[in-house]
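In the working numbering, the protein residues as written are 2 to 46.
Step one of this worksheet: look at the structure below.
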């Protein structure tokens, strides 16, 4: 039971990290036109 919860936690962590990175890169691409560096996601390392 505990192992399943840990695996689920890892999966959720990976999914949130992936979506954070993709959203962050998309925002960076859009903000490159404005020449303003911005860090959107606090979750990204």
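Glycine included, every Cβ here is placed at the ideal spot set by N, Cα and C.
Using the Cα positions of residue i and residue j, report the straight-line distance between them to the nearest angstrom.
i, j, result
"residue 6", "residue 18", "18 Å"
"residue 4", "residue 15", "17 Å"
"residue 22", "residue 12", "15 Å"
"residue 8", "residue 25", "25 Å"
Got a sec? Which residues, its chain only, sit under 7 Å from residue i by beta carbon, not counting five neighbours each side?
i, result
"residue 20", "none"
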